[in-house]
Structures are given as structure tokens and as C-alpha cells.
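**Q**
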Amino acid sequence: MNEFAFTEEQNMLRSMVRDFVDNEIKPIAAKIDAEEKIPEDLIKKLGELGLLGISFPEEYGGGGFGEVGYCIMQEEIARGCMSTATFIGAHQSIGANVIYLGGNEEQKQKYLVPLAKGEKIGAFCLTEAQAGSDSFNLKTRAHLDGEEWVINGEKLWITNGGIANIVSVFARTEKGITAFIVETDRPGFSAGPPEKKMGIKGSTTNPITFDNVRIPKENMVGQEGRGFILAMKTLDAGRLGLGAACLGASKELLELSTRYAKQRKQFDTTIANFQAIQFMLSEMASLIYAMESMVYRTAVDYDLKKDISHQSAIVKLFCSEALDKIADYAVQIHGGMGYSREMPIERFYRDSRINRIFEGTNEIQKGIIARHVLKKNGKI
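Right under this line is the structure:
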């Protein structure tokens, strides 16, 4: 299928990111997990390589690779460390993307350029204690006081919340939910202690408090009251990028499992000769084939500016469920070694589980898909 053929430039991007992951990320992935922190020098290197703005056009400091390039990069990053892929996703695919999709030229030059270059770190502030899946029900408020917006409220589970310089915030105004750009050095902005999590431990997740945070009037993104639509459009890209990260982790797990099956001996033969193991490997491969097909098919449509909201929901649902199955098979194939921290399998297993929850739970994705199917009378 010709439309799925990668260009020479895209293949070069993949090789470059893979080399970087092999040399710079894989050797410290276990340390990132144990210390629950992505080193600042790694973030700096990611920025210098242009990976923190790979999807954005070059005129905004990006790599000009679009969504297909972004998915290639996230696939390779996730082969090394899901925490690092999560950090990049929150920064680029949703945090900075709010400004790219909804911002005016002045906002893009002032805020998107340093974010795309990796000079500043971004985050996406939507979720609240009572507004998780019910994200329309947010309570954070913003009111206009002269030439400034004043924001009050609390956000929860904000990826990069404690390390971000620029955050895209969604708050309720008189006209409805509205998007704003907030610099985190503004008085009244504070990030709480990082959450202690089961997986993606290197990715910082914080509660955020806005206590009379004042921002210039011109920091409102798009039209007042139209922020919810922008948030949902931003999450379309986020869900697609999440699918790409699940794909990369799955490929890594299949390679590790295949290698182990060909080395591990039981009953005087390698376990690769056992049908039970072969069946697990074949199911892993089949899921990966489907994941790869849908990720890049959808990424191509996204770059063609098509509406992909139901497709990205399918990608998010399928790929997150598939990674969980693949991680489970990988643990089973490795046996005791899969359960041991000596190998990365155990880390991938823990990191996998969050994908069915964040960027919209899989139950929410099923609702989105069902509404589309019903509207189109059974067509996808």
C-alpha cells in the first residue's frame, strides 16, 4: 500500500532517534524509573536534537515532520522508556499543540517557538478532582479584571506539572470553557508534590493550584467559550501519539521475548520450539501488525487535515489494550526473569497499564466510537 511507504527523510528520522534511544535512553531507563525523574541533561539533549518540536512547522521552531514524523519518534522513544515518551507527549502533543492549533501568530511566535525548540517545557491542564472523564464539568474559573485574566482553581494529574514553564490551561469564564496560556513563574501558580505511581515513574505528575494567577488579556487562546472544542481537538493528536508509543513498546517486548525464547532452554531444547511459546509470539506479532497499520493510516489522515476524532479513539483503545496483552505475554515467556527487575520487562508491564486510563479512559473512547458508528449507520 503505497500511501504507507515511509520517505527517505522519515526513515532517516527513525534511524537517528533509534540510535539516540540505544545510546542515551536505554542505558539509564531503569535509573529513570528508580529515581522517578528524567535527568535534565537528557531533556536538554532531546531539545537540541529537535525532538521536542518534531511535529511543528519549521517557521515555529519545529522539525516540520508532522504527525507521521511525531509517531515515528514516539514509537522509537517508547522502545527505550515509556516515562520519556509520556514527558514528550504531554509537552508537545497536547501542551504545546493547544497553542499551535488554537493560538494566533503572536502567541505562536512568543510561546510555541521556545516550546518547539525545547527551550521551555509545556503541559496541558484540563483534569480536575471532579472533572476526569467528565472533563466538561471543570470548576477552575477565570474572570477579566481590566487588562488581565485572573485564574483560580485546582488541577489534578498534570503530567510535567512540576517542571513546565508554559502551561495550556482550561478554565470556565462567563461564556463557557476557555483556553489560556500561563507562564508558571506567575505569582499564585504552584505545583504540589509529584504523585507516587505504579508505572511511568520518571514522568512527573503533579496537582496544580491557581491562586489569583494574573495573566495578560492577550493570553486567551482562540475564542472565549470555545476552549472545550480546542481541548478535544488537541486530545485527538494526543491519543494518536499514545498509540504510537504503545506500538514502540510492543515491538521492543516482541524482540526481547523472541531473543529470550531462542536462548532459554528447558527439557533439553530452547523454549522457542514449544508451541505454547510460538502461539504467544504469533499473537504479539499479529497485534503489532494491526497497531502499526492503524497508527500510520490515522497519522497520514491527520496530516491531510481530515477529522480523525473517531479514528484516534480507535487507535487509543486498540493500542493500549494490545500493549497490555503483549506485556503480559512477555512476562509469561520470560517466566521468573520477566517478574524480576533485572530485566526491563517488569518495567514495561507496570508502565503499560496507565495507557488505558489517561488521555481519556478506554470507556470514553468506546463512547466516542459508538456515537460515530451510530451516526454513520454502521460505517467506520
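In numbering that gives the first Met the number 0, the protein residues as written are 0 to 379. Where a beta carbon is used, it is the ideal one built from N, C-alpha and C, also for glycine.
With burial defined as no fewer than 16 other Cβ atoms inside 10 Å of the residue's Cβ, what is the status of GLN274: buried or exposed?
**A** Position 275 of the sequence shown, counted from the first residue, corresponds to residue 274. GLN274 comes out exposed.
**Q** Quick one: using the 10 Å Cβ neighbour count with 16 as the cut-off for buried, is ASN1 buried or exposed?
**A** Taking the sequence shown and counting its residues from 1, one reaches residue 1 at position 2. With a pLDDT of only 47 at ASN1, under 50, the local geometry of the prediction cannot be trusted, and the value read off the model is given with reservation. ASN1 is exposed by the Cβ-count criterion.
**Q** Is the segment 166-177 touching the segment 189-200 in the sense that three or more CB pairs, one from each, lie closer than 8 Å?
**A** No, the segment 189-200 does not touch the segment 166-177.
**Q** Since GLY187 and VAL168 are thought to touch, with beta carbons under 8 Å apart, how far apart are those beta carbons, to the nearest angstrom?
**A** Within the sequence shown, the letter at position 188 stands for residue 187. Within the sequence shown, the letter at position 169 stands for residue 168. Their Cβ separation, rounded to whole angstroms, is 12 Å, which puts GLY187 and VAL168 out of contact at 8 Å.
**Q** Below 7 Å between beta carbons: does that hold for GLU358 and LEU241?
**A** The residue you call residue 358 lines up with position 359 of the sequence shown. The residue you call residue 241 lines up with position 242 of the sequence shown. In this structure, LEU241 lies closer than 7 Å to GLU358 by Cβ.
**Q** Tell me, which residues are paired with GLY52 by DSSP?
**A** As a first step, residue 52 must be located in the sequence shown, where it is residue number 53. DSSP, once it has assigned bridges, lists no residue as partnering GLY52.
**Q** Using the C-alpha atoms, what's the distance from THR269 back to VAL368?
**A** The residue you call residue 368 lines up with position 369 of the sequence shown. The residue you call residue 269 lines up with position 270 of the sequence shown. The identity of residue 368 in the sequence shown is Ile, whereas the question assumes Val. Roughly 43 Å separates the two Cα atoms.
**Q** Which of helix, strand or coil does DSSP assign to ALA178?
**A** Against the sequence shown, residue 178 aligns to sequence position 179. Of the three classes helix, strand and coil, the one that applies to ALA178 here is strand, per DSSP.
**Q** So is ARG78 buried or exposed if we call it buried at 16+ other beta carbons inside 10 Å?
**A** The sequence position of residue 78 within the sequence shown is 79, counting from 1. ARG78 is buried by the Cβ-count criterion.
**Q** Taking DSSP as the reference, what is the three-state secondary structure of ASN1?
**A** Taking the first residue of the sequence shown as 1, we reach residue 1 at position 2. Here the model assigns ASN1 a pLDDT of 47, short of 50, so the residue's position is not dependable, and the following value carries that caveat. ASN1: helix per DSSP, three-state reduction.
**Q** Could you give the first and the last residue of the continuous alpha helix (DSSP H) run that contains LEU253?
**A** Against the sequence shown, residue 253 aligns to sequence position 254. Counting along the chain, the alpha helix (DSSP H) containing LEU253 begins and ends at 226-262.
**Q** Between PHE278 and GLU105, what straight-line distance do the alpha-carbon atoms span, to the nearest angstrom?
**A** Numbered from its first residue, the sequence shown carries residue 278 at position 279. Numbered from its first residue, the sequence shown carries residue 105 at position 106. If I take the Cα positions, the gap works out to 56 Å.
**Q** Candidates ILE180, ALA236, GLY198 and GLU35: which alpha carbon is nearest ARG346's?
**A** Residue 346 sits at position 347 when you count from the first residue of the sequence shown. Cα-wise, what sits closest to ARG346 is GLY198.
**Q** Do you know how far the Cα of ASN272 is from the Cα of PHE266?
**A** The sequence position of residue 266 within the sequence shown is 267, counting from 1. The sequence position of residue 272 within the sequence shown is 273, counting from 1. When rounded, the distance between both Cα atoms is 11 Å.
**Q** Mapping the DSSP letters down to three states, classify GLU105 as helix, strand or coil.
**A** Numbered from its first residue, the sequence shown carries residue 105 at position 106. GLU105 falls in the helix class under three-state DSSP.
**Q** Any idea what DSSP makes of MET342, helix, strand or coil?
**A** Locating residue 342 in the sequence shown gives position 343, counting from the first residue. Correct three-state label for MET342: coil.
**Q** Suppose you measure from the CA of GLU8 to the CA of LYS138; what does that come to, to the nearest Å?
**A** The sequence position of residue 8 within the sequence shown is 9, counting from 1. The sequence position of residue 138 within the sequence shown is 139, counting from 1. Rounded to the nearest angstrom, the two C-alpha atoms are 45 Å apart.
**Q** What is the DSSP secondary structure of LYS315, reduced to helix, strand or coil?
**A** Reading the sequence shown from its first residue, position 316 is the one you call residue 315. Correct three-state label for LYS315: helix.
**Q** Express the C-alpha separation of ALA243 and GLN73 in angstroms, rounding to a whole number.
**A** Against the sequence shown, residue 73 aligns to sequence position 74. Against the sequence shown, residue 243 aligns to sequence position 244. Each residue's Cα considered, the two are about 6 Å apart.
**Q** Taking 7 Å as the threshold (C-beta atoms), are THR126 and LEU155 in contact?
**A** Along the sequence shown, one-based indexing puts residue 155 at 156. Along the sequence shown, one-based indexing puts residue 126 at 127. Contact: yes.
**Q** If you pair each beta-carbon of the segment 87-96 with each one of the segment 111-124, do three or more pairs fall below 8 Å?
**A** Yes, since at least three Cβ pairs between the segment 87-96 and the segment 111-124 fall closer than 8 Å, the two stretches touch.
**Q** I need the boundaries of the beta strand (DSSP E) containing LYS154, first residue and last residue.
**A** Against the sequence shown, residue 154 aligns to sequence position 155. Element bounds for LYS154: 147-158.
**Q** At which residues does the beta strand (DSSP E) containing SER189 begin and terminate?
**A** As a first step, residue 189 is located in the sequence shown; it is residue number 190 there, counting from the start. Its beta strand (DSSP E) spans residues 188-190.
**Q** May I ask you to verify whether the segment 212-224 touches the segment 281-298, counting CB pairs closer than 8 Å and requiring at least 3?
**A** The answer is no - the segment 281-298 does not touch the segment 212-224, with fewer than three Cβ pairs under 8 Å.
**Q** Helix or strand or just coil, what does DSSP make of SER132?
**A** Looking up residue 132 in the sequence shown gives position 133. It is coil, neither helix nor strand.
**Q** Quick one: grab the DSSP three-state call for PHE123.
**A** What you label residue 123 is simply residue 124 of the sequence shown in a count that begins at 1. Three-state result, PHE123: strand.
**Q** Looking only at its chain, what residues have a beta carbon closer than 7 Å to the beta carbon of THR297, apart from the 5 residues adjacent to it on each side?
**A** Position 298 of the sequence shown, counted from the first residue, corresponds to residue 297. Same-chain partners within the cutoff: LEU239, ILE307, GLN310, SER311 and VAL314.
**Q** With a threshold of 8 Å on Cβ separation, who are the neighbours of LEU286 within its own chain once the five nearest residues in sequence on each side are excluded?
**A** In the sequence shown, the residue the question calls residue 286 occupies position 287. Excluding positions up to five away in sequence, the list reads SER249, ALA321, LYS324 and ILE325.
**Q** Using the three-state DSSP reduction, which class does ARG370 fall into: helix, strand or coil?
**A** Reading the sequence shown from its first residue, position 371 is the one you call residue 370. Note: ARG370 maps to helix in three-state DSSP.
**Q** When the Cα atoms are used, what is the spatial distance from TYR59 to ALA115?
**A** Within the sequence shown, numbered from 1, the residue matching residue 59 stands at position 60. Within the sequence shown, numbered from 1, the residue matching residue 115 stands at position 116. The alpha-carbon atoms of TYR59 and ALA115 are separated by roughly 7 Å.
**Q** For GLN108, which residues of its own chain have a beta-carbon under 8 Å away from its beta-carbon, when the five flanking residues on both sides are left out?
**A** For the purposes of this step, residue 108 is taken as residue 109 along the sequence shown, with counting starting at 1. These residues qualify, in order along the chain: TYR59.
**Q** Between the alpha carbons of SER54 and THR6, how many angstroms are there, rounded?
**A** For the purposes of this step, residue 54 is taken as residue 55 along the sequence shown, with counting starting at 1. For the purposes of this step, residue 6 is taken as residue 7 along the sequence shown, with counting starting at 1. Going by the C-alpha atoms only, they are around 15 Å apart.
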